[in-house]
Amino acid sequence: MPGIAPEVISHKLSISPAYKPVRQKRRSYDTERYEAMRTEVDKLQTIGFILEATYPVWLENSVMVRKATGGWRMCQDYTDLNKACPKDSFPLPRIDQLVDATAGHELLSFMDAYSGYNQIFMHPPDSEHTAFITDKGLYCYNVMPFGLKNAGATYQRLVNKIFAGYIGNIMEVYVDDMLVKSRTAEEHLHNLSIMFGILKDYRMRLNPKKCAFGVSSEKFLGFMISQRGIEANPEKIKTSAILSGARNQSPDQPTAPASAPETRNFWPIDQVGDRTRRIRHTVRSKARRKGPGYCRFYLRAYPINSTVNARGRDRDRIAR
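FYI, the numbering for the sequence shown is 1 to 320, going by UniProt numbering.
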C-alpha cells in the first residue's frame, strides 16, 4: 500500500522532556496468542508497516485482542508513551452537525479508508519511539499505528487539508469516515468523480467491504441517514426494546444501565451534543437520587419506534 506522501503529512510525537523513557517489562502469553502474534508480525513486516528496532529508548508490550470473528488483533500498549505526549487540540467535527448537514439528500455514498491510520507514515525520528517487544524481537512502526494519543487529530488534519473546499458542500468527513451527498443522480456521479480524483492524487485507499455507493439511506456515525431526515438506528431500537421488556432476560441480551456512569455509556452524549441532553439529565439525576431502578424506568419511556427527527433550522425552532 503506497500511503500518503510524507511531504503531505506525517505523524510526529512531541514527547515532553519532563518524562523519562519507559521500557515495559515483557509479558507472557499462551501458545495461541504467541502464534497469532508471530503471524501478524510477519505480515506487517512483509507489507512494510513495521521495521526492526535497535536500541529503542521507549519499549511497549504487544496486546492480543480477540476479534468478533474469533481471530486475534495485535495492539500495542502505548500508555506510558501517551502520558509523555501533550494532547493535540486539533478540533474534530461535531457529529450532530455532520449528521444534520447530511440528512435530506437523495443519494449518498459512504466510504471508509483501508487501515486508515496506517496510510500515514511516522515522522522518521519518532518511528523508534513506537517500538514494541515480541518473542521474535523488537519492532517499530514505519506507519502511524492505532493507539497513539494524537493519531485521530493527525488524520483529521489530513482529510481537512486534502478535501478543503468540498467538506460541507458535497461531502462530510469524520476522521476516516467519508460521505458524499447529492440531490440528483447526475450530480452524485460528478461529486464522486471529484472525490475519487482527490483520493488518487493523494494515494489514499478505501476498504471496499465498508463502502456503499448511491444509496438512499445508511448508517453514518451511529445514525441512520436518509432523504427524510435522521431515523432511529434499528440496532438501538432493538436494544431499547430489550431493555424495556420482560424482567427475565437471557444471558446474551444487553443489560440495562444500573448507574449514572452506565447510563452515560448507553448514550454517547459527548458525541451528539444537545440532542439528548434533557433525557440524560433526567435519567442521571433520578439515578443519583432514587437508585438504579429509576434508570430502567426512564429507559422504558425512551422512544423506541423508528421516528424521523426534524433537521437543522426546523428542529431549532421546535426546541424554542
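We put the beta carbon where it would ideally sit given N, CA and C, even for glycine.
Legend entry - Which residues DSSP lists as bridging Asn61, in chain order: The partner list for Asn61 (beta bridge, DSSP) reads Ile133.
Legend entry - Where the alpha helix (DSSP H) containing Glu40 begins and where it ends: Segment Thr31 to Thr46, the alpha helix (DSSP H) holding Glu40.
Legend entry - Reduced DSSP secondary structure (H/G/I, E/B, other) of His188: In the structure shown, His188 sits in a helix (DSSP, three-state: H, G or I).
Legend entry - Backbone secondary structure at Glu7 - three-state DSSP: Correct three-state label for Glu7: coil.
Legend entry - Three-state class that DSSP yields for Val22 in the structure shown: Val22 falls in the coil class under three-state DSSP.
Legend entry - Contact the segment 172–179 vs the segment 74–89: 3+ CB pairs below 8 Å: With the cut-off at 8 Å, the segment 172–179 and the segment 74–89 do not touch.
Inset, instruction - Could you have a look at Glu128 and say whether DSSP puts it in helix, strand or coil? - result: Here Glu128 sits in helix by DSSP.
Legend entry - With 16 other Cβ atoms within 10 Å as the buried cut-off, status of Ser89: Answer is exposed; the Cβ neighbour count stays below 16.
Inset, instruction - Drop a sphere of 10 angstroms on the beta-carbon of Thr46, count the other beta-carbons inside from all chains shown, and report buried for 16 or more, exposed for fewer. - result: With fewer than 16 other Cβ atoms inside 10 Å of its own Cβ, Thr46 counts as exposed.
Inset, instruction - Use the C-beta contact count for Glu128: other C-beta atoms within 10 angstroms, 16 or more gives buried, fewer gives exposed. - result: A residue is called buried once 16 or more other Cβ atoms fall within 10 Å of its Cβ, and Glu128 is buried on that count.
Legend entry - Thr79 versus Pro93: straight-line alpha-carbon distance, rounded: Cα to Cα, Thr79 sits roughly 26 Å from Pro93.
Inset, instruction - For the segment 93–105 and the segment 14–32, state whether three or more C-beta atom pairs, one from each stretch, are separated by less than 8 Å. - result: When Cβ pairs closer than 8 Å are counted between the two stretches, the segment 93–105 is seen not to touch the segment 14–32, the count staying below three.
Legend entry - CB contact flag (Val8, Trp58, <8 Å): Against a cut-off of 8 Å, the Cβ pair of Trp58 and Val8 comes out as no contact.
Legend entry - Chain-order list of residues whose beta-carbon lies under 8 Å from that of Ile36 (same chain, five-residue window excluded): According to the sequence as given, residue 36 is Ala; it is not Ile. Close CB contacts of Ala36 within its chain, under the 8 Å cut and outside five residues either way in sequence, are with Met64, Gly71, Trp72 and Met74 (chain order).
Legend entry - Residue environment, Met1, which counts as buried when at least 16 other CB atoms sit within 10 Å: Met1 comes out exposed.
Inset, instruction - State the Cα-Cα distance for the pair Arg247 and Ser16, rounded to the nearest angstrom. - result: In this prediction, Arg247 scores a pLDDT of 47, lower than 50, which makes its location untrustworthy; the coordinate-derived value is nonetheless stated afterwards. About 52 Å.
Inset, instruction - State the Cα-Cα distance for the pair Arg313 and Pro91, rounded to the nearest angstrom. - result: Low per-residue confidence applies at Arg313: pLDDT is 45, beneath 50, and the placement is therefore not dependable, though the value from the model is reported in the following sentence. Roughly 24 Å between the two C-alpha positions.
Inset, instruction - Pull up the DSSP beta-bridge partners for Cys140, would you. - result: Looking at the DSSP output, Cys140 bridges to Leu51.
Legend entry - Three-state secondary structure assigned by DSSP to Ala246: At Ala246 the pLDDT is 45, less than 50, meaning the model places this residue with poor confidence and gives no usable figure here.
Inset, instruction - Please say whether Leu138 and His188 have beta carbons closer to each other than 8 Å? - result: Taking a C-beta distance under 8 Å as the contact criterion, His188 and Leu138 do not qualify as a contact pair.
Legend entry - Assumed close pair Ser109, Gly214 - CB separation to whole angstroms, cut-off 8 Å: That belief holds up - the Cβ atoms of Ser109 and Gly214 are roughly 6 Å apart, short of 8 Å.
Legend entry - Pick from Ile133, Ala103, Gly104 and Ala151 that is closest to Gln119, judged by C-alpha positions: Ranked by Cα distance from Gln119, the first of Ile133, Ala103, Gly104 and Ala151 is Ala151.
Legend entry - Nonlocal neighbours in the same chain, by C-beta distance under 6 Å from Ala212, ignoring five residues either side: Non-local C-beta neighbours of Ala212 in its own chain, meaning closer than 6 Å and more than five positions away in sequence, comprise Phe110 and Glu218, ordered along the chain.
Legend entry - Cβ-Cβ distance between Gly48 and Arg203 below 8 Å: Taking 8 Å as the Cβ cut-off, Gly48 and Arg203 do not qualify as a contacting pair.
Inset, instruction - Go to Arg157, then tell me how far its alpha helix (DSSP H) extends in each direction, as first and last residue. - result: Note, Arg157: alpha helix (DSSP H), Ala151 to Ile162.
Inset, instruction - Just the C-alpha distance for Arg38 and Lys136, rounded to the nearest angstrom, thanks. - result: A direct Cα-Cα distance of roughly 7 Å separates Arg38 from Lys136.
Legend entry - Close-in-space but distant-in-sequence residues of the same chain around Gln271 (CB under 6 Å, 5 per side omitted): Legend: pLDDT at Gln271 = 48, less than 50; position of this residue unreliable, no value from coordinates given.
Inset, instruction - Can you tell me which of the three DSSP states Ala68 falls into? - result: In this structure, Ala68 counts as coil in the three-state DSSP scheme.
Inset, instruction - Classify Gln227 as helix, strand or coil using the three-state DSSP reduction. - result: Looking at Gln227 - three-state DSSP - the assignment turns out to be coil, as it is neither helix nor strand.
Legend entry - Contacting residues, own chain, Cβ-Cβ under 7 Å from Arg27 (five flanking each side not counted): Leaving aside the five residues that flank Arg27 on each side, the residues in its chain whose CB is nearer than 7 Å to its CB run, in chain order, Asn61.
Inset, instruction - Please report how far the alpha carbon of Ser14 lies from the alpha carbon of Phe121, in whole angstroms. - result: If I take the Cα positions, the gap works out to 16 Å.
Legend entry - Counted within 10 angstroms of its Cβ, other Cβ atoms place Tyr141 as buried (16 or more) or exposed: Burial state of Tyr141 is buried, judged by a 10 Å Cβ sphere holding 16 or more other Cβ atoms.
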